[in-house]
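Here is the structure we will look at.
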Amino acid sequence: MVILLPDNPMALEARARAFYHVKDFTACIKDCDRSIKLDPAYAVCWAMRGEAKVALGDKAGAISDLNEAVCIEPNQPPWAKLLSDTLGDS
Numbered sequence: 170m171v172i173l174l175p176d177n178p179m180a181l182e183a184r185a186r187a188f189y190h191v192k193d194f195t196a197c198i199k200d201c202d203r204s205i206k207l208d209p210a211y212a213v214c215w216a217m218r219g220e221a222k223v224a225l226g227d228k229a230g231a232i233s234d235l236n237e238a239v240c241i242e243p244n245q246p247p248w249a250k251l252l253s254d255t256l257g258d259s
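Residues in the sequence shown are numbered consecutively from 170, following the numbering used here.
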């Protein structure tokens with residue numbers, strides 16, 4: 170899908186999610202970076218990039234990304250919980 174729609178944030182998010190599920194967190198972050206550059210208000214990619222950073226041990230980066238996701242879409246309890254849990258681990 171990304172090949173057909175290289176500048177589509179949703180296509181990039183779908184591929185990033187696939188990378189996340191196979192634990193290729195670096196590739197996940199790369200696709201989220203690109204998606205966020207195309208659509209800075211795409212909270213899903215901020216949250217997913219934060220989750221990938223948690224998995225890689227980048228807590229400061231994860232907190233920043235998860236905070237951005239919660240600011241964009243404050244009614245997403247899983248993101249707020251992950252942010253709280255990550256802050257608690259700091």
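All residues carry an ideal CB built from backbone N, CA and C; glycine is no exception.
In this text the structure is predicted, and so the values were computed from the model without any measurement.
Taking only the alpha-carbon atoms, compute the straight-line gap between Tyr189 and Asn244 and give it to the nearest angstrom. Position 20 of the sequence shown, counted from the first residue, corresponds to residue 189. Position 75 of the sequence shown, counted from the first residue, corresponds to residue 244. C-alpha separation (whole angstroms): 23 angstroms.
Give a yes or no on whether the C-beta atoms belonging to Ile232 and Thr195 are separated by under 9 angstroms. As a position in the sequence shown, residue 232 is number 63, starting the count at 1. As a position in the sequence shown, residue 195 is number 26, starting the count at 1. Cβ atoms of Ile232 and Thr195: not closer than 9 angstroms.
Write down every uninterrupted run of the alpha helix (DSSP H) in the stretch 173–247 whose length is 4 residues or greater and which is fully enclosed by it, in chain order. Runs of the alpha helix (DSSP H) inside the stretch 173–247: 178–190, 194–207, 212–225 and 228–241.
How long is the line joining the alpha carbons of Met179 and Cys214, rounded to whole angstroms? On the sequence shown, residue 179 is found 10 positions in, with the first residue counted as 1. On the sequence shown, residue 214 is found 45 positions in, with the first residue counted as 1. Straight-line Cα distance between these residues: approximately 9 angstroms.
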